[in-house]
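Participant: There's a structure below that I have some questions on.
There are 2 protein chains.
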Amino acid sequence: MKTKDFDTRDFLQTGVEDLLPSVSVDCVIFGFHEGTLKILLNKFKFHGTWMLPGGFVYKKEDVDDAAYRILKSRTGLDKVYLEQFHLFGNHNRTNIQENEKILNQIDMGSEKPEHHWFLNRFVSVGYYAFVEYSKVEVYTADGEDLRWHHIDEIPQLYSDHNKIIEKAILTIRSQIGNIPIGYELLPEKFAMTELRIIYETIFNKKLDRRNFQRKMLSTGLINKLDETSKKWGIKSATLFSFNKEKYEHAKDSENALFD
Amino acid sequence: MKTKDFDTRDFLQTGVEDLLPSVSVDCVIFGFHEGTLKILLNKFKFHGTWMLPGGFVYKKEDVDDAAYRILKSRTGLDKVYLEQFHLFGNHNRTNIQENEKILNQIDMGSEKPEHHWFLNRFVSVGYYAFVEYSKVEVYTADGEDLRWHHIDEIPQLYSDHNKIIEKAILTIRSQIGNIPIGYELLPEKFAMTELRIIYETIFNKKLDRRNFQRKMLSTGLINKLDETSKKWGIKSATLFSFNKEKYEHAKDSENALFD
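For the record, the sequence lines run as chains A and B.
Just so you know, the working numbering puts 216 at position 216 of the first sequence, and the rest follows in order with no gaps.
Just so you know, the working numbering puts 1220 at position 220 of the second sequence, and the rest follows in order with no gaps.
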């Protein structure tokens, strides 16, 4: 159980003075558990629609720092692989009616102004994050529900959040060679099947088992271990690990196309 | 000579009512001319510092549409390869003192409010564009200077605009396989040297002439023509062209890593 970083009602009442107008942040947080890729979603009890964990930017805060703050407040994690990937700026993406409903469901007392800042248009900066599932402390404080959702079972979300997830996946797909997705999502020792499932999910298609393993090993970034595990079934699966040193080096080096 | 899309003074006076607060757009516009990659920069006479062509977003306008509008107003071009690449959101990126100087240099009459909207913090959505140099009508209306600058001779720019250019180049470099940079920047028929110079500029290093040509031809996207030209010197250079159909197909298809 974690402490909330703000009280929603207080926040909606006082936000306008402390926050950058028009700008919000939404995080697509990926985790891998029991053979499936999952996304962390939250829901306010007074609202009832699932949404991406997100928030706003303080006037004296960098947008990237706001994303880290939001991520920490929802997962408890400090050092996380987090990447900004797109600014969602369609003029009709903010559902003013829905936000009005949210405001009405909160007792704003006599403080409710004529035109509330939360009823303005927002652009949203999209970030994706890869976290190690087992390390996340899912936040279950009163008034909010936060849960992992199987990537194939994402419900209809608030605003354009389904599109934000779609764009995150397309971005990861198009840059997969530069993104350490398996390295960040998997535990230290893993089966090749687990890594393949992550790629199959991102590419939304089945990949040939043998070709995949061959391609992955040919990068030189993965070591085959002298260990097996029956964790995934009756048959023993060979374990693999990432070559951390080489991985860090590959991350830092320039695109290898013209090396 | 083109018409301005707004009068700067009118704009700064009335902007706050029509514009999305806190959000601006900046465009890194690349062109290729006489063997060098160039970037289009503008300067207001009353200010004197070069900057990226940019602007603001109307309250009822999509951010992407604002970028297209700004690009058209500065280049006369309608159909342009334009990509959003990053949101610049550091809290201290807006130089309030510099903006105050700009305001003071414009005669705001009695309309100047106590705290002007232009003195708030802005986040900026960065776009890069590739244009065919010869098609750009450089805008030379009174009060503004707009000029191509050699990419190696970019002066100290307004705010964090040098960093925006740097990030644009890093983004293009890391995604070069998916970005039709030569296709968009070069005329229909070109010498391989011209294409190589573009890549050398983006990668900031010399590339081997033969290896480069071999790699480029191996993509199947470039045709060697049965034509030569002495345009680039005494020696005849072989001409090449992009296979437009294949190029369009490659652009639309998914990342080929696991095809």
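We treat Cβ as the ideally placed atom computed from N, Cα and C, and that holds for glycine.
Could you tell me which chain C residues have their CB closer than 8 Å to the CB of V1028/B, listed as they occur along the chain?
Facilitator: Of the chains in the structure shown, none is chain C; the protein chains are A and B.
Participant: Scan the segment 50-66 of chain A for residues whose Cβ lies nearer than 9 Å to a Cβ of chain B and list them as they occur along the chain.
Facilitator: V57, Y58, K59, K60, E61, D62, V63, D64, D65, A66
Participant: Quick check on G1055/B: buried or exposed, where buried means 16 or more other Cβ atoms within 10 Å of its Cβ?
Facilitator: buried
Participant: On a Cα-Cα basis, can you pick out the residue from D1160/B, H1116/B, D1152/B, K1163/B that is closest to K1205/B?
Facilitator: D1152/B
Participant: With DSSP collapsed to three states, give me the class of T36/A.
Facilitator: T36/A sits in a strand when the DSSP states are folded into three classes.
Participant: Report the start-end ranges of each alpha helix (DSSP H) in the segment 1128-1168 of chain B that is 4 residues or longer and not cut off at the edges.
Facilitator: none
Participant: Identify, in the order they occur along the chain, each residue of the same chain with its Cβ nearer than 6 Å to the Cβ of L1020/B, setting aside the five sequence neighbours on each side.
Facilitator: V1057, K1059
Participant: Under 7 Å: does the beta carbon of G1035/B sit that close to some heavy atom of the ligand MN?
Facilitator: In the structure on display, the ligand MN does not appear, and there are no ligands present to speak of.
Participant: Strictly under 8 Å for the Cβ-Cβ distance: is P1021/B near chain A by that measure?
Facilitator: yes
Participant: Leaving out five residues before and five after T201/A in sequence, what residues of the same chain have Cβ atoms less than 7 Å from its Cβ?
Facilitator: L37, I151
Participant: Can F130/A and R173/A be called in contact, C-beta distance under 8 Å?
Facilitator: no
Participant: Whether or not the segment 1085-1100 of chain B and the segment 1159-1173 of chain B are in contact is what I'm after, with contact meaning three or more pairs of Cβ atoms, one per stretch, closer than 8 Å; do they touch?
Facilitator: By the Cβ test, the segment 1159-1173 of chain B is in contact with the segment 1085-1100 of chain B, since at least three Cβ pairs between them sit closer than 8 Å.
Participant: Could you name the residues of the segment 1087-1098 of chain B whose beta carbon sits closer than 7 Å to any beta carbon of chain A, in the order they occur along the chain?
Facilitator: Those would be L1087, G1089, N1090, H1091, in chain order.
Participant: Taking only the alpha-carbon atoms, compute the straight-line gap between A1066/B and E194/A and give it to the nearest angstrom.
Facilitator: 43 Å
Participant: Indicate the three-state DSSP secondary structure (helix, strand or coil) for V25/A in the structure shown.
Facilitator: strand
Participant: If we require 3 or more residues per run, which beta strand (DSSP E) segments fall completely within the segment 1195-1231 of chain B?
Facilitator: 1222-1229
Participant: Buried or exposed: which applies to I975/B, given that a residue is buried once 16 or more other Cβ atoms fall within 10 Å of its Cβ?
Facilitator: One cannot answer for residue 975/B here, as it falls past the ends of chain B, which runs 1001 to 1259.
Participant: Taking 6 Å as the limit between beta carbons, can you name the residues of its chain near D1145/B, skipping five residues before and five after?
Facilitator: K1043
Participant: Can you give me, in chain order, the residues of the segment 1159-1185 of chain B that have a beta carbon less than 7 Å from any beta carbon in chain A?
Facilitator: Flagged, chain order: R1173, S1174, Q1175, I1176, G1177, N1178.
Participant: Strictly below 9 Å CB to CB, what residues from chain A border R1121/B?
Facilitator: L20, K59, K60
Participant: I'd like to know if Q1213/B contacts chain A, where contact means its C-beta is closer than 8 Å to some C-beta of that chain.
Facilitator: no
Participant: Taking the CB atoms as reference points, tell me whether V63/A and V23/A lie closer together than 8 Å.
Facilitator: Yes. Within cutoff.
Participant: Which residue marks the beginning of the alpha helix (DSSP H) containing L87/A, and which one marks its end?
Facilitator: Here L87/A belongs to no alpha helix (DSSP H); instead the beta strand (DSSP E) covers 81-88.
Participant: Could you tell me whether the Cβ of V125/A comes closer than 8 Å to any Cβ of chain B?
Facilitator: yes
Participant: Buried or exposed: where does N1099/B fall if 16 or more other Cβ atoms within 10 Å of its Cβ makes it buried?
Facilitator: buried
Participant: Between I1198/B and the rest of its own chain, which residues show a CB-CB distance below 7 Å, the 5 nearest in sequence each way excluded?
Facilitator: F1032, L1037, I1181, G1182, L1185
Participant: Based on the DSSP secondary-structure assignment, which residues constitute the bridge partners of L1019/B?
Facilitator: Y1058/B
Participant: Taking Cβ-Cβ distances shorter than 9 Å, what residues in chain B pair up with Q84/A?
Facilitator: H1086, L1087, G1089
Participant: What residues in its chain sit with their C-beta under 7 Å from that of V123/A, if we drop five residues either side in the sequence?
Facilitator: S22, V23, L87, F88, G89
Participant: Where K1079/B and K135/A are concerned, what is the direct C-alpha to C-alpha distance, given to the nearest angstrom?
Facilitator: Distance between the alpha carbons of K1079/B and K135/A is about 48 Å.
Participant: Have a look at D1259/B and R1121/B and give me their C-alpha separation to the nearest angstrom.
Facilitator: Unreliable placement is indicated for D1259/B, whose pLDDT of 42 sits below 50; no coordinate value is reported for it.
Participant: Would you kindly work out how many angstroms separate the C-alpha atoms of Q156/A and T49/A, rounded to a whole number?
Facilitator: 8 Å
Participant: Using only alpha-carbon positions, find the residue among K231/A, L103/A, E227/A, D26/A that is nearest to L71/A.
Facilitator: Its Cα nearest to that of L71/A, the residue D26/A stands out among K231/A, L103/A, E227/A, D26/A.
Participant: Buried or exposed, going by whether 16 or more other CB atoms sit within 10 Å of the CB of L1103/B?
Facilitator: exposed
Participant: Give me the Cβ distance between T75/A and E137/A, rounded to the nearest whole Å; I'm assuming they're in contact under 8 Å.
Facilitator: Indeed, because the Cβ distance is near 7 Å, the residues count as touching under 8 Å.
Participant: Tell me, please, which residues DSSP counts as bridged to T49/A.
Facilitator: In DSSP, T49/A forms no bridge with anything.
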